[in-house]
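Engineer:
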Amino acid sequence: AGNNDKVGLILFAYKVYKVIPPQKGRKHILAIISTILTADYVEAEANINAALEYMMHVFKKKSLAFLFSDFADDFDDKLLKIASKKHQLFMTLPFYPG
Numbered sequence: 005a006g007n008n009d010k011v012g013l014i015l016f017a018y019k020v021y022k023v024i025p026p027q028k029g030r031k032h033i034l035a036i037i038s039t040i041l042t043a044d045y046v047e048a049e050a051n052i053n054a055a056l057e058y059m060m061h062v063f064k065k066k067s068l069a070f071l072f073s074d075f076a077d078d079f080d081d082k083l084l085k086i087a088s089k090k091h092q093l094f095m096t097l098p099f100y101p102g
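Each residue of the sequence shown is one higher than the one before, counting from 5 in the numbering used here.
Next comes the structure, spelled out in structure tokens:
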């Protein structure tokens with residue numbers, strides 16, 4: 005955000021259920037953080053494929069994307085490779101304290 009980059013958010017579980025399109029600005033970033041912290045998370049099989057397909061369809065320009073998942077559910081390796089070639093994709097496991 006210090007570079008005045010656009011930041012967006014895609015929340016998903018079995019489907020994409022919340023999208024905040026990329027925009028610039030501190031107020032926008034605070035809204036994204038608030039959305040993450042107040043989201044109603046449901047335990048469900050994650051559909052990583054749906055989230056990646058949505059991202060590739062909506063984000064036309066090369067983007068920096070972070071995928072937070074436990075990767076326990078099935079997903080298409082080929083789709084992941086395609087997404088990582090189109091966008092700079094970082095995948096990470098969530099941290100569960102305790």
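C-beta: ideal position from N, C-alpha, C; glycine also.
1) In three-state terms, what does DSSP make of residue 76?
2) Residue 18 and residue 54: beta carbons closer than 9 Å?
3) Please list, in chain order, all residues of the same chain as residue 5 whose beta carbon is under 6 Å from its beta carbon, the five residues on each side excluded.
4) Short check: CB of residue 12 to CB of residue 20, under 9 Å?
5) Which word fits residue 59, buried or exposed, when buried means at least 16 other C-beta atoms lie within 10 angstroms of its C-beta?
6) Using alpha carbons as the reference points, say which of 8, 83 and 9 lies closest to residue 51.
7) Ignore the nearest five residues each way along the sequence and tell me which others in residue 80's own chain have a CB closer than 7 Å to its CB.
8) Any idea if residue 68 is buried or exposed, counting beta-carbon neighbours within 10 angstroms, 16 or more meaning buried?
9) Taking the DSSP output, what are the residues bridged to residue 70?
Structural biologist: On the basis of the coordinates in this document:
1) Here residue 76 corresponds to residue number 72 of the sequence shown, with the count starting at 1. Of the three classes helix, strand and coil, the one that applies to residue 76 here is coil, per DSSP.
2) Reading the sequence shown from its first residue, position 14 is the one you call residue 18. Reading the sequence shown from its first residue, position 50 is the one you call residue 54. Result yes, Cβ atoms of residue 18 and residue 54 sit closer than 9 Å.
3) Position 1 of the sequence shown, counting from 1, holds the residue named residue 5. For residue 5, the predicted structure reports a pLDDT of 47, less than 50, and the residue's modelled location is therefore unreliable. The matter cannot be settled from this model.
4) For the purposes of this step, residue 12 is taken as residue 8 along the sequence shown, with counting starting at 1. For the purposes of this step, residue 20 is taken as residue 16 along the sequence shown, with counting starting at 1. Taking 9 Å as the cut-off, the Cβ atoms of residue 12 and residue 20 do not count as close.
5) Position 55 of the sequence shown, counting from 1, holds the residue named residue 59. Counting the other Cβ atoms within 10 Å of the Cβ of residue 59 gives 16 or more, which makes it buried.
6) Walking along the sequence shown from the start, residue 51 turns up at place 47. Closest option to residue 51, Cα to Cα, is 83.
7) Working through the sequence shown from its first residue, we reach residue 80 at position 76. Excluding sequence neighbours, residue 80 sits near 53.
8) As a first step, residue 68 must be located in the sequence shown, where it is residue number 64. That one is exposed.
9) By 1-based counting over the sequence shown, the position of residue 70 is 66. Residue 70 is bridged to 94.
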